[in-house]
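K.L.:
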Amino acid sequence: MPVYRRSSGETAEAEAARAQDVLRLWGEEEGAIAAKVNGIPVDLNAFVPDGAVVEPILASTEEGLDILRHSASHLMAQAIKRLYPGTKLGIGPAVEDGFYYDVDPPQSLTEDDLQKIEGEMGRIVKEALPVERLELPRDEVISIFKERGETYKLELIEEIEDPFISLYRQGEFIDLCRGPHVPNTSYIRHFKLLSLAGAYWRGDERNPMLVRVYGTAFPTAESLRSYLDRLEEAKRRDHRKLGRELDLFSIQPEGPGFPFFHPKGMTIVNVLLDFWRKEHVKRGYMEVRTPLILEQSLWIRSGHWDHYRENMYFTEIDGRPFAIKPMNCPGSILIYKSQLRSYRDLPLRMAELGTVHRHERSGVLHGLMRVRCFTQDDAHLYVTEDQIKDEILGIMDLMHHIYGDVFGFPYRVELSTRPENAMGELSQWEMAESALKEALDESGTPYKLNPGDGAFYGPKIDFHLEDCIGRSWQCGTIQLDFQMPEKFDVTYVAADGSHRRPVMLHRTVLGSIERFLGILIEHYAGAFPYWLAPVQVRILPVKDDFLPYARDVEAVLKDWGVRTEVDLREEKLSRKIRDAQLQKVPYMLVVGAKEAEDRKVSVRERAKGDLGEMSLEGLEDLLNQEFNPF
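Per numbering that gives the first Met the number 0, residue 0 is the first one in the sequence shown, and the count goes up by one each step.
#1: I'd like to know whether the C-beta atoms of residue 67 and residue 32 end up nearer to each other than 8 Å.
#2: Hey, quick one: how far does the beta strand (DSSP E) through residue 380 stretch, first residue to last?
#3: What did DSSP end up calling residue 57 once you bin it into helix, strand or coil?
#4: Considering Cα atoms alone, identify which of 514, 180 and 203 is closest to residue 238.
#5: Can you tell me whether residue 21 is helix, strand or coil according to DSSP?
#6: Nearest-angstrom Cα distance between residue 504 and residue 228?
#7: Per the DSSP calculation, residue 414 is bridged to which residue(s)?
#8: Would you be able to state if there are at least three C-beta pairs under 8 Å between the stretch 160–168 and the stretch 48–65?
#9: Short check: CB of residue 202 to CB of residue 211, under 8 Å?
#10: Quick check: residue 76 and residue 94, are their CB atoms within less than 8 Å of each other?
#11: Less than 7 Å between C-beta atoms, sequence neighbours within five positions excluded: which residues of the same chain meet that for residue 632?
#12: Might you give, ordered along the chain, the residues of its own chain that have their beta carbon closer than 7 Å to the beta carbon of residue 332, omitting 5 neighbours on each side?
#13: Sorted by chain position, which residues of the same chain lie with C-beta nearer than 6 Å to residue 180's C-beta, five sequence neighbours on each side aside?
#14: Please name the residue or residues paired with residue 350 in a DSSP beta bridge.
#15: Go to residue 326, then tell me how far its beta strand (DSSP E) extends in each direction, as first and last residue.
#16: Roughly how many whole angstroms lie between the Cα atoms of residue 618 and residue 467?
#17: Under the three-state reduction of DSSP, which class applies to residue 500: helix, strand or coil?
#18: Here's the rule I'm using: 16 or more other beta-carbon atoms within 10 Å means buried, otherwise exposed. How should residue 348 be labelled?
#19: Evaluate contact between the stretch 156–165 and the stretch 82–91, counting only Cβ atoms and requiring at least three cross-stretch pairs below 8 Å.
#20: Please report the distance separating the alpha-carbon of residue 409 from that of residue 272.
#21: Between residue 121 and chain C, is any beta-carbon pair separated by less than 8 Å?
#22: Is residue 263 closer than 8 Å to residue 241 when the C-beta atoms are compared?
#23: Less than 8 Å separating the beta-carbons of residue 456 and residue 381?
#24: Can you tell me where the alpha helix (DSSP H) with residue 140 in it begins and where it stops?
#25: Would you check if there are 3 or more beta carbon pairs closer than 8 Å linking the stretch 279–299 to the stretch 310–321?
#26: Just to confirm before moving on: does the CB-CB distance between residue 25 and residue 5 stay below 8 Å?
#27: I'd like to confirm the pairing. Which residues does DSSP put opposite residue 587 in its beta bridges?
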């Protein structure tokens, strides 16, 4: 009789069984939407081989949630096909926080259609249609999709070399898919369709434009409600909306994907950069700058040509091909190689606020979060092998200080390992991955392993910030690179006089200045902390008669280094206060007859309201109590 095992080691005997039956033996079927058999996710109705280890996959887990959402994408596609016969299907994956399906309907879809589609999805849920996995010969699968007119699916099948192809069927609906999926449609109860967008088939602008329908699904009504509330809050905090209202930045039609920073936005950027520079000088970094445009041959040598050229911009100078840099690292290497380096020079820490350009598809551009031109707060460290761990620990300490101590972001860490398109020897990758793991373990930092997601030249540690409404943002990274020094023949003179190869560490902290500003705008909802606010104090004269005194106060505050402006408009005081609140200015100083006579100011704080009248000395003490990381 077959024997089945739990991950704990417990065993049970039973007749040939499906995964769901095995889980029932141990009372683990409750809440399961799929299972793992010997570590591989499968449907609950999949047969389990003798001796296999069987574990439940719950909808509440990350893996289970992906399965639930992928099943929801099939549910949505089925509903669309029922409502709009003749619709052709693209792809419908689960993604972070939800799912989508790219469809080509016979008529245009609008936001009003989402409710109709949701209603039809609800009816299919009530039908409790079994979700069945089929594995059919390739020719039969082609016939099925030809008969249905699914041209996009046929294109995908052309790239599948397997003689048998897996499909999933629920009622009249059938789709290409590896699975697994929920056992039947009644498992998908808590969902919401969110939006429509255009999406080129397979992300190629030369292909037809499809309609991308976005939705989300959760295991419980409560978790869905919580997420939708968070979405509403995110809309209120949208950095594009606040960027316009606070006059921080704009994206002009003449430069799609290329942000324009207005004076107030540039003020915030400069404060960030001043802080960044201070922290890096303190930690032994030297700032450099490399050219925006470099010869194409450099990018071929670095490997970016093979791995990145579709995202690069090109030009020609004096009949020679050049490229606008998408990365700063090759330029840093040329600076390193400009002179002979000794072991006494290492570790060498070179930091660069380098502007890079990358050709992002128009459909993915999003305010400051996804742009075609941005500034990376890069650093490249050249170290000996025995310095690797200490330097990584030093970078992690810098990350913790900036993320935690200064901005108060919780964050999580991922270790990403060798990808399929990796350069270099396997032994080097193993050494690099081991070095990163050792540093993480020694620091006591919890981390998640992210297999196969490293850069093409080395493994990396990624830092994901969590903002005040629970969203995750990948910002900082540490990448360990044995490949670039090899490709560029980078060396140093060791103590014994021999020439040896340094190890190169690539790292960013903020990631992209533009994107980090977008994150900050949404995190603070535009109400920046005092030290970062573009205008820290706004002076509000009650009447024009008090403008001279307002100007005197302004001069004093500017002498203190406070970013100050005077509201010169002929408006009522109540209007001036309201507008200052809308502009999220930390402090407002009201000056009228009494204040001018006493040489004082009436102080209002953005959150606390009226703080009363105080002398300029008292105001200085108050402002000096504000947090300032400088």
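Glycine included, each C-beta is placed from N, C-alpha and C at the ideal position.
P.N.:
Taking the coordinates as given:
#1: Taking the C-beta atoms as reference points, residue 32 is found nearer than 8 Å to residue 67.
#2: 372–382 is the span of the beta strand (DSSP E), which, as asked, contains residue 380.
#3: Note: residue 57 maps to strand in three-state DSSP.
#4: Distances from the alpha-carbon of residue 238 to those of 514, 180 and 203 put 514 closest.
#5: Helix, per DSSP.
#6: It is roughly 41 Å from the alpha-carbon of residue 504 to the alpha-carbon of residue 228.
#7: Partner(s): 448 and 460.
#8: No, the stretch 48–65 is not in contact with the stretch 160–168.
#9: Cβ distance not < 8 Å, so residue 202 and residue 211 don't count as in contact.
#10: Note that the C-beta distance between residue 76 and residue 94 is not below 8 Å.
#11: The question about residue 632 has no answer, for the chain in this structure spans 0 to 629.
#12: Close CB contacts of residue 332 within its chain, under the 7 Å cut and outside five residues either way in sequence, are with 483, 487 and 489 (chain order).
#13: These residues qualify, in order along the chain: 70, 130 and 167.
#14: Beta-bridge pairing links residue 350 to 286 and 378.
#15: Per DSSP, residue 326 belongs to no beta strand (DSSP E) and is neither H nor E.
#16: Their backbone Cα atoms lie some 30 Å apart in a straight line.
#17: In the three-state reduction of the DSSP assignment, residue 500 falls in the coil class.
#18: It is buried - the Cβ of residue 348 has at least 16 other Cβ atoms within 10 Å.
#19: No, they do not touch.
#20: Just so you know, the alpha carbons of residue 409 and residue 272 end up roughly 22 Å apart.
#21: Of the protein chains in the structure, only one exists, and it is not chain C.
#22: Going by C-beta atoms, residue 241 is not nearer than 8 Å to residue 263.
#23: No. Outside cutoff.
#24: Taken as a continuous stretch (DSSP letters only), the alpha helix (DSSP H) holding residue 140 covers 137–146.
#25: Yes, the stretch 279–299 is in contact with the stretch 310–321.
#26: With contacts defined by Cβ atoms closer than 8 Å, residue 25 and residue 5 form a contacting pair.
#27: DSSP output for residue 587 lists 537 and 603 as bridge partner(s).
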